[in-house]
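See structure below.
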Amino acid sequence: MAEVLWGIFVGPFKDIAGSPTFFVEVLIGGVAAGLMYSLVALGFVLIFKASGVFNFAQGVMVLFAALTLVGLLERGVPVPVALGLTALVMIALAFGIERVVLRPLVNQPAIILFMATIGLNFFLEGFGEMVWGSNVKRLDIGIPDESFKVAGVLVNKLELTAALTAAVLVAILAVFFQRTRIGRALRAVADDHEAALSIGIPLKTIWVVVWSVAGIVAIVAGVMWGAKSGVQFSLSLVALKALPVLILGGFESVPGAIVGGLIIGVGEKVGEVYWGPLVGGAIENWFAYVLALAFLLVRPQGLFGEKIIERV
Amino acid sequence: MKLRAFLIGGLIAAVVAGPLAGAVLAQGNTMFIPLLVYRTGPFAPNGIPSANGFNDYFNLLNERDGGINGVKLAWEECETQYKTDLGVECYERLKSKNPVLVNPFSTGITYQLIPKAPVDKVVIHSAGYGMTASADGRWFPWVFNFPMTYWSQASAFIKYVGAQEGGLDKLKGKKIIHVFHNSPYGKEANPTLEELSKRHQFELTLLPVDSPGQEQKATWLQVRRINPDWIYISGWGVMNQVAVKEAAAHGMKMDHVVGNWWTGTETDVVPAGDAARGYKSMTFHAPGSNFKIHQDILKLVHGKGKGSGPKEGVGEVLYNRTIINAMLDTEAIRLAMTRFGNKPLTGEQVRWGMENLNVTEQRLEQLGMKGLMRPLRVTCDNHEGNGLALVQQWDGKKWTIVSDWIEPMRDVVRPKLEAAAVEEGKKLGYTPRDCAKEK
Amino acid sequence: MIYREAGHFKSSYAADQAIFPIVQDRVFLGLVAVVAFVAVPLAANEYWLQAILIPFLIYALAAIGLNLLTGYAGQLSLGTGGFMAVGAYAAFKLTTAFPWLNMLVVFVLAGLVAAGVGLLFGIPSLRIKGFYLAVATLAAQFFLIWLFNKVGWFVNYAPSGTATAPPRTMLGVMVTGPQATASARYLMALGMVVLFALVAKNLVRGRVGRSWMAMRDRDIAAEIIGIRPLQTKLLAFAISSFYCGVAGAELLFLYLGSVETLAFDINLSFLVLFMVIIGGLGSVLGSFLGAAFIVLVPIFLTNAPHWLGLAMRTDTQKHLELMIFGGLIVFFLIVEPRGLARLWQVTKEKLRLWPFPH
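Residue numbers (my numbering), protein chains in the order written: chain A, -15 to 296; chain B, 232 to 670; chain C, 34 to 391.
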C-alpha cells in the first residue's frame, strides 16, 4: 500500500526533480500536441459560437481539406495556388452546406442540427475518398521536420511551426471578430439570433461566412496533422482528440480552445509519462477527459464558456 | 430532389469506375472463395494492396491455367472496413455461396470466425496473423496460420538482434522496447518477449499506443529517455506512419528500429520521407517485383486489363504477401484434388489439403516464386508450418532484404503455444484430436 | 376507414390507460408478434437472422436504454459503448465463474453491474449539463475500455485477450456458443427485447418517467415542484445503463460470440446515439425504428447493386453507400426533425381520417 501511495504521490515528483531537462521536453511536447488539438477545436468553436451547431463533421472537413490540397499538389499545382484553390473548395462547401442542410433546418433544436452534421459527416467521408482515393499521401509543403537542441532540450521544427501557426491563426481570428464589420455581426448573431435578425443582419450570409472560416481553419489543421501522419482517412479521427479540449475551454470561446488545448496537451503528456507506467501506460486518452471533468466540476460551462444563467 | 441527384451521380460514377474487382459469379465447375477486404476507411492504405494481390493471383490462375485442374475459381469482395461486425455480416452473406476457405485479413475478424469454422465447415487461413494458439492443429483443426505466428516472429526478432550484437549472450543488459498497438493484436508479442527477456536478461519495456495512434508524443518521449538499443514496433494503420516518423524525429538510430511484418510496408514510411531511411521490419518473403510470377501477372492479368490495382502496385510488400497467401490456399486445393479428384471440393476436403500442404523448392520454381519465399510444410499438429523469417530494410526508395532466413526459437514458442491452445480450446468446449490417428 | 376509434368505448380506467388503447393496434401488434416469434425463425435464413435481425434487436435494446436517459431524462450520454462493455464482461465473468447459472439470470445480473457503474458515472450530471455532460460519459467510455483492455482478469487471462462466449443451454436448447443455432439466439434476443421494451414503456408512463421528463424540460421548475434531482437523474443513469449492459452482454453472447474491447469503442456509443436521434428522442417505438434505420439501411445499400445486377468496384460501392446514407439522414431530418417515430405518428393520424380527410 505504502508503495502504491509512494508511486502516486512521491515517485513521479522525484522523477521530475531528478531530470528537469526531460521534464521541459515533456512540457514542450505537451504544448505542441495541445496546440495541434486546438487547431481542430477552433473549427468546432467557430461554428458553435455563431450558430449553436455542434459540428460533428469538423474532423471530416479537416480530412477533406487535406485530401483536396494534396490531390492538387500531386497534380503539379504550385503550393500557393493549391492553398487558394482548396480555400475556394471549402467556401463552396460552406455554401452547399448552408443551402442543403442548414437552411431547411433553421430553428430546430441543437441536437437535430448535430444529427444533420452527422449525415454530412458520412457524405463527406464517402465523397472525399471517392474523389481522392484512400492511399496515404505525403504532404510536403516545405515545412522542415528536423529536430534541434536548445540547451539540451530537443525541439522539433514542425511542432514549432504548428505552434506559431496556431498563434497567428488565433490572432487573425481575434482581429476578425473584434475589428471587422462582419466579425461584429457574427458576435451579434452569437448573442441573440432574433435580435440580430431584427436589426438587419443577414443570417444566411453569416452562416456561410462561419462555415467558410471553419473550412479554412480545417485546411490549416489538415496541413499540420497531415504533415505528421501523411494525409489519409485517419485524419478525420483527430476530432476525438479535440473533444476534451473543446469541453474544457468552453464551446464558445476562441481563447478557450487554445488554453484548453494547452492544459489538455500538457496534462495528458505529463500524466502519461510520469503516472502512466504505474498502470501499464496508454492512459492519456481517458486522462484527458478526467482532467476536463475535474475542471468542469468547478466551472460547469468550461473555462471560458458563457456563464449559464438558469431561470424558470 | 437531392436524393435523385445522389443516385444519378452514383450511377454515373459506377459506370465510369472502370474494371470490376472480382465479380465472377459462382456457377457450375467453380470453387468459391470469399474475400473480406477493406478498401475504404482508416485501414484502407493497408487493405488495398492486400486485396489487389488476392484478385490478381486468382485472376492469373483462371487466365493462365483455366483455374485449378480445370476447376475455375470464383470470388467476391466484401467491404469490412476492418470492423468486426461488418466482417461477420460479410461472412454470413457470402456463406450462401458455399465458400470452402476464408482469409479474414484482420485479427479481430479471425476471432469472430474461429468458432464458426467447424460448424460451417469452412477453413480459416490467417496467414501471419490471427490467434497464435490456433497453430496447434490438435485443438483447432479448422484454423491455419502458416507460414508463421506472432510469437515465432517475436522470437526471430530477438534472434536477429542477438546476431547483430554478436551472439544471444551479448543481449544481457541491453535495452529493448516494444511499442505496440493497444489491442489483442498488438499485445500478442508481449508474452514471448517477456519470456525471452528472462532467458537472455535484456531489459524489456512495453509501451502501449492506443488505437488509432495519431498522437504518440508521450510514448516517444519515454522511448528517448530510456534510450534503448533496439525498438520493436507492432502497429497497424496510421499508428505505423506516425511511429516511424516519431522515431526519426526523436533521433533514434533507424536501423535499430524494427517493425513486425505488419509494420513494414511502403505506405508506412511515406510520411517520414527521407528520415525513414534505414528503418527495418520483419517479413516472411522477399519484396519487389523481379520474380517470374510478377511478370506473369503483369502480362496475363494487367496486360488484359484485368488488373485490380495500378501496375506500380505489383510487387509491394503487402501485395506480395497476399499473392503468397493466395498461392498457399490454391496449392492446398490442388493437393486436395490429387486425393479427392479434379472437381469442386468441399470445405472438409480443402481442410485436408491445408493440413498436408507441402510446398517444395521445386514447386516454388514452377510457380515462378523461387526466392520469393521458402518451402513450407504443414502437419496435422503444426498449423503454423515451418516458416522462416527475414529482416528487410527501407533504403529510401524500396525495401531490400538484409538478413538470412531466421529460424524462430521453436523450443521457446511451441510449449507456450500448446499451453495457450489448451486454454483457448477449452473455452470453446473443444476436445483435442489425436494426430497419430489422422490419415 | 378501417383504422378508427369511433365506436370503442372504455368502460374502465384500466382500459383507458392501456398501452395500446385502439383495437386495431392490438391486432396489428399481435400479428407482428406472431410473425416475429413464429414465422421469422421458421422462414428466415441464417444470414437474415445472424447478420441483420439479431444485431437489430440488440441495438434496439441499447437504443431504448439510451433513449430513457437522453430522450426522457434529457441527459446526453456518449458512454453507451462503455456501459455495454461492462455488461458484456460482467456476463462473461459470471457465466465462467458459475456455469450452472441460467443465462437469463446472468444477463440480468450483468445489467445490474452495468447499472452500478452507470450510477457512478452519472454523479457529475448533477453539476454539468448539456453537451458538457458528454465529457463525464466520455471519460467513462475511454476509462472503461482502457480498463477491460488492460486487466487480464476480465477475460480470465486468456492468452488471446478476447472474451469468448462459452456454450450454454437454456431449457435444453443451446443458446450461446458456436453450436447455438441462429434461431435460438434470435428468439432469446427477441424475448428479452420485448420484455424490456414493455418494462420501459410502463416506466415512462408512470411516476418515474414523468419526473424524468419534468427534469428534462425544465430542471429548476421540476425541482421546485418537488422532484429530487439527485434521485431522478441517478435513477435514469442506472436504468439506462442496465439496458445498455444487458444489450452489451447480448452483443457478446448472442451476436459476435467473441469480442475484443475494440468492439465497444466510441463508435458504438455514437452509433446508438444516432439511432436514438433518428428514431425519435423520447419514444420507445423510435428506438426500434432508429435501430432499424441504422442497421438495415447500410446493409440494404450494400446489397442493392447485387439485386439490381449492377457490378461495381467494392470501394466505389462503399463510398456511394456512405454518401447515400448521409444524404438519407439529412433528408429524413428535413422531412421530420422529430424522428421516425413522429413520422409514424403522423401516418397514423392520417390513417384515422382516411379516406375522408376533411
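Heads up, the beta-carbon is just placed ideally off N, CA and C, and yes, glycines get one too.
- Apart from the 5 residues on each side of it in sequence, I462(B) sits with its Cβ closer than 6 Å to the Cβ of I408 and V488 in its chain, given in chain order.
- With respect to G194(C), E293(C) sits close: the two C-beta atoms are nearer than 8 Å.
- Between G281(C) and M117(C) a beta carbon distance of about 3 Å is seen, short of the 8 Å cut, so the two are scored as contacting.
- The Cβ neighbour count for A78(A), taken over all protein chains shown within 10 Å, is at least 16; the residue is labelled buried.
- For E178(A), the number of other beta carbons within 10 angstroms of its own is below 16, and it is reported as exposed.
- In the DSSP annotation of this structure, F131(C) is not part of any alpha helix (DSSP H), being labelled neither H nor E.
- When rounded, the separation of the alpha-carbon atoms in P132(C) and R201(C) is 8 Å.
- Ranking L304(B), G278(B) and L549(B) by CA distance to the CA of M513(B) puts L549(B) first.
- In the DSSP assignment, G490(B) falls within the beta strand (DSSP E) that extends over V488 to G490.
- Taking a C-beta distance under 8 Å as the contact criterion, W179(C) and I156(A) do not qualify as a contact pair.
- Here F(-7)(A) is exposed. Its C-beta has fewer than 16 other C-beta atoms within 10 Å.
- Scanning chain A for C-beta atoms nearer than 8 Å to the C-beta of D441(B) yields A266, E268 and N269, reported in chain order.
- DSSP places N140(A) in the uninterrupted beta strand (DSSP E) bounded by V137 to N140.
- Around the Cβ of K43(C), a 10 Å sphere holds fewer than 16 other Cβ atoms; the residue is exposed.
- Taking CB atoms only, M356(C) has a neighbour in chain A less than 8 Å away.
- Boundaries for H516(B): no beta strand (DSSP E) harbours it, and the DSSP string shows neither H nor E there.
- With a contact defined as Cβ atoms closer than 8 Å, V309(C) and S320(C) qualify at about 6 Å.
- Ranked by Cα distance from H412(B), the options A324(C), K183(C) and F297(C) are led by K183(C).
- Going by DSSP, R171(A) is part of the alpha helix (DSSP H) stretching over R165 to D175.
- For R122(A), the residues of chain B that pass the 8 Å Cβ criterion are V501, P502 and G504, in the order they occur in the chain.
- Shortest Cα-Cα distance from T101(A) to any of A324(C), P370(C) and G359(C) involves G359(C).
- Chain A places a beta carbon closer than 8 Å to that of K476(B), counting this residue as a contact.
- Taking a beta-carbon distance threshold of 8 Å, T202(C) does not count as an interface residue toward chain B.
- Inside the region 197 to 257 of chain A, DSSP marks no whole beta strand (DSSP E) run of 3 or more residues.
- A contact between stretches requires three or more CB pairs, one per stretch, nearer than 8 Å, and the region 63 to 77 of chain A meets this requirement with the region 44 to 53 of chain A.
- Around G27(A), the same chain offers Q42, A198, V201 and A202 as residues with beta carbons nearer than 6 Å, after the five sequence neighbours per side are excluded.
- Excluding sequence positions up to five before and after G242(C), its CB lies within less than 7 Å of the CB of Y105 and L236, all in the same chain and listed in chain order.
- Burial is judged here by how many other beta carbons sit within 10 angstroms of a residue's own beta carbon; W387(C) has fewer than 16 and is exposed.
- Approximately 18 Å separates the beta-carbon atoms of V141(C) and K234(C); this is outside 8 Å, ruling out the contact.
- Residue-level contact by beta carbon fails for G536(B) and chain C, as no gap is shorter than 8 Å.
- Inter-segment contact for the region 366 to 374 of chain B and the region 596 to 612 of chain B is present: three or more beta-carbon pairs are separated by less than 8 Å.
- Residues of chain A whose Cβ lies closer than 8 Å to the Cβ of K448(B) are, in chain order, G13, G14, A16, A17 and K253.
- Nothing from the region 39 to 64 of chain C brings a Cβ to less than 7 Å from some Cβ of chain B.
- Contacts between I(-8)(A) and chain C, judged by CB atoms closer than 8 Å, are missing: the closest CB pair is about 17 Å apart.
- For the pair A567(B) and W583(B), the CB atoms are nearer than the 8 Å cut-off.
- Only residues of its own chain outside the window of five on either side were considered, and among them L82, S216, Y219 and L220 have a CB closer than 8 Å to the CB of P74(C), listed in chain order.
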